[in-house]
């Protein structure tokens, strides 16, 4: 039982995609609250990457994509790095009311114990040929011998021994537990799909899709075979309409189109609700796959 309490980075890695129209016609406050829910769902179910794609029917897609990327990136960033990385932005006006993620890479001060190794996110504040100074939220930046690009994020393995701080540059893939999500943007749904190989199981969600219970066993089998699973969500416009606006057919782009909420009791399900419901089911499927 205890093994299922650890937020491991296991396979298949989970990716989600949402269109720019997710926040179409929303006020900044409304958009912030909705994106906060997306970030929480992504963190709960250990999403590795959130992919934002342009909805070609969205007239304000540039504004919306910037807004979505800013808020989702801000929430993923540890609190002690946010001021340095984001400064003051109009898009972030309401982020203070959003719930914190409290993922493993958002540690509290009391989580740090002297003599024990721990991982810490940092940002490069200056760099020369001899090395880099990294802000990891301590009183002073930490020096490492590797030259890194100024302003870039990095992960360090750290140990405190009295006044001595031991550090080593680390990589996310070597950590083994969930370490937040990244953000990517795409100019269309088709462009997004083309970046994924056969190693990715591609799932679109729609109330007009195949009922989840009818493809449950198939999905379970496919999850055993794939390295990644990409789950694509629509907005007030469904994915069938978004695909049609690009001159293509949704079912030709993906492996499955599924309805994860059969007999829904409301006229329409909001995207942020669909994300939570769908990822809940896939999380169960993932751990039933070997039974």
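Numbering (this note's numbering), first residue to last: 6 to 296.
We put the CB at the ideal spot given by N, CA and C, even for glycine.
Given the structure is predicted, the values throughout are model-derived calculations rather than measurements.
| Check | Outcome |
| --- | --- |
| Taking the CB atoms as reference points, tell me whether residue 197 and residue 56 lie closer together than 8 Å. | yes |
| So, at 6 Å on beta carbons, what are the nonlocal neighbours of residue 138 in its own chain, with the 5 sequence-adjacent residues on each side left out? | 130, 131, 146 and 148 |
| Do the stretch 194-211 and the stretch 235-242 meet, that is, are 3 or more Cβ pairs less than 8 Å apart? | yes |
| So, residue 1 versus residue 86, is the Cβ gap smaller than 8 Å? | Outside the shown range of the chain, which is 6 to 296, sits residue 1, and nothing can be said about it. |
| Tell me the start and end of each unbroken beta strand (DSSP E) in the stretch 110-198 that is at least 3 residues and wholly inside, in chain order. | 122-133, 136-140, 147-149, 158-166, 169-175 and 187-191 |
| Can you check DSSP and say which residues form a bridge with residue 233? | 18 and 205 |
| Threshold first: 4 residues or longer. Then list the alpha helix (DSSP H) segments lying entirely within the stretch 245-278, N to C. | 255-258 |
| Would you list the residues sitting across from residue 215 in a DSSP beta bridge? | 263 |
| Can you say whether residue 69 is buried or exposed, counting buried as having 16 or more other CB atoms within 10 angstroms of its CB? | buried |
| For residue 103, does the three-state DSSP call read helix, strand or coil? | coil |
| Going by Cα to Cα distance, which pick from 118, 77 and 50 is closest to residue 12? | 50 |
| With DSSP run on the structure shown, which of helix, strand or coil describes residue 296? | Only weak support is given to the placement of residue 296: the predicted model assigns it a pLDDT of 45, under 50, and the question is left unresolved by the model. |
| Pick out whichever of 259, 274 and 257 has its Cα sitting closest to the Cα of residue 265. | 274 |
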